[in-house]
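J.:
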Amino acid sequence: MAYWLMKTEPDTFSIDTLKEMDVSCWEGVRNYQARNMMRDQMKNGDLVLIYHSSCKKVGVVGIAEVVNEAYPDHFQFDPESHYFDPKSDPDNPRWIMVDVAYREHLPLVPLAKIKARPELENMPLVKKGNRLSIMPVTEHEWDTVLAMAGREPVRSYES
DNA sequence: GCCAACGTTGGC
DNA sequence: GCCAACGTTGGC
1 MAYWLMKTEP DTFSIDTLKE MDVSCWEGVR NYQARNMMRD QMKNGDLVLI
51 YHSSCKKVGV VGIAEVVNEA YPDHFQFDPE SHYFDPKSDP DNPRWIMVDV
101 AYREHLPLVP LAKIKARPEL ENMPLVKKGN RLSIMPVTEH EWDTVLAMAG
151 REPVRSYES
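Residue numbers (the UniProt record's numbering): 1 to 159.
1. Along the chain, where does the beta strand (DSSP E) that runs through His40 open and close?
2. Give, in chain order, every unbroken run of the alpha helix (DSSP H) that is at least 4 residues long and sits entirely within the stretch 125-159.
3. Between which two residues does the beta strand (DSSP E) harbouring Thr17 extend?
4. Tell me, which residues are paired with Met6 by DSSP?
5. Rounded to whole angstroms, what's the CA-CA distance from Glu69 to Leu108? Just pull it up for me.
6. The ligand PLP heavy atoms versus the CB of Phe75: any closer than 7 Å?
7. Distance check for Met148 and Val60, CA to CA, integer angstroms please.
8. Span of the beta strand (DSSP E) holding Leu108?
9. For Cys25, which beta-bridge partners are listed by DSSP?
10. So Asp99 packs on Val67, CB below 8 Å; how close in whole Å?
11. Distance check for Tyr3 and Ser24, CA to CA, integer angstroms please.
12. What separation, rounded to the nearest whole angstrom, lies between the Cα atoms of Leu125 and His52?
13. Provide the residue span of the beta strand (DSSP E) that contains Glu69, from first to last.
14. Just grab the DSSP bridge partners of Asp89 for me.
15. Excluding the five sequence neighbours on either side, which residues of its own chain have a C-beta within less than 8 Å of the C-beta of Met21, listed in chain order?
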């Protein structure tokens, strides 16, 4: 299994929204690098740090789990959607999405504190100019962020 | 609101 | 294939 970090703007879709929905598709990824990782590497059971961006309290706010692997993002074919892509061919969809399930909230781990941690200096999140909306997280980084939130390491939510 | 950094587009 | 112009991201 693998660990990930996924960014979302809480004004549009927050960890609270995900909790209410329990399971949600993760639509609107329109970056090839992020898409390729999601398509080729993201598997059911992978755990995800949910990160709030472009808001007052930027940082990691909770955990989700991948529960449905890559499938076409139908919003690319909806002219009414913000994520509409007129160049995408319905017979060969350009963009995909996964489904994620809410697992838990964490106390905010602010970006500023993540940046201050030497163990986390290699995260794409804190690399200058990196705007990836989905990025891999190593097990050590995962454990470090959880520890910063006061959370014991978690490897899975299976009973 | 500012602006740096990056990705995408399109003319040539 | 180059590269300037433009749009977007996202912290501050």
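Positions of the beta carbon are idealized from the N, C-alpha and C atoms, including for glycine. Values in this document were obtained by computation on a predicted structure and should not be read as measured data.
T.: Concretely, from the data shown:
1. Counting from 1 along the first sequence, the entry for residue 40 is found at position 40. Before going further, note that residue 40 is Asp rather than His in the sequence given. For Asp40, there is no enclosing beta strand (DSSP E); the enclosing alpha helix (DSSP H) has its first and last residue at 32-41.
2. For secondary structure counted as the alpha helix (DSSP H) over 4 or more consecutive residues, the stretch 125-159 holds these complete runs in sequence order: 139-148.
3. Taking the first sequence and counting its residues from 1, one reaches residue 17 at position 17. First-last for Thr17: 15-21, but that is the alpha helix (DSSP H), not the beta strand (DSSP E).
4. As a position in the first sequence, residue 6 is number 6, starting the count at 1. Ile50, Ile134.
5. As a first step, residue 69 must be located in the first sequence, where it is residue number 69. As a first step, residue 108 must be located in the first sequence, where it is residue number 108. Annotation: Glu69 to Leu108 spans about 27 Å, alpha carbon to alpha carbon.
6. For the structure depicted, the ligand PLP is absent and the ligand set is empty, with no information on it obtainable.
7. Locating residue 60 in the first sequence gives position 60, counting from the first residue. Locating residue 148 in the first sequence gives position 148, counting from the first residue. Taking C-alpha positions only, Val60 is separated from Met148 by approximately 10 Å.
8. Within the first sequence, residue 108 is the residue found at index 108, counting from 1. For Leu108, the enclosing beta strand (DSSP E) covers residues 96-110.
9. Indexing the first sequence from 1 puts residue 25 at position 25. Asp99, per the DSSP bridge assignment.
10. In the first sequence, residue 99 corresponds to position 99, counting from 1. In the first sequence, residue 67 corresponds to position 67, counting from 1. With a Cβ gap of about 5 Å, Asp99 and Val67 count as contacting.
11. Indexing the first sequence from 1 puts residue 24 at position 24. Indexing the first sequence from 1 puts residue 3 at position 3. Approximately 18 Å, taken between the alpha carbons.
12. Translated into the one-based positions of the first sequence, residue 125 becomes position 125. Translated into the one-based positions of the first sequence, residue 52 becomes position 52. The straight-line gap separating the alpha-carbon atoms of Leu125 and His52 is approximately 12 Å.
13. On the first sequence, position 69 is the one that residue 69 refers to. Glu69 -> beta strand (DSSP E) spans 59-72.
14. Taking the first sequence and counting its residues from 1, the one referred to as residue 89 is at position 89. BP columns for Asp89 point to Asn92.
15. As a position in the first sequence, residue 21 is number 21, starting the count at 1. Cβ neighbours of Met21 beyond the five flanking positions: Tyr102.
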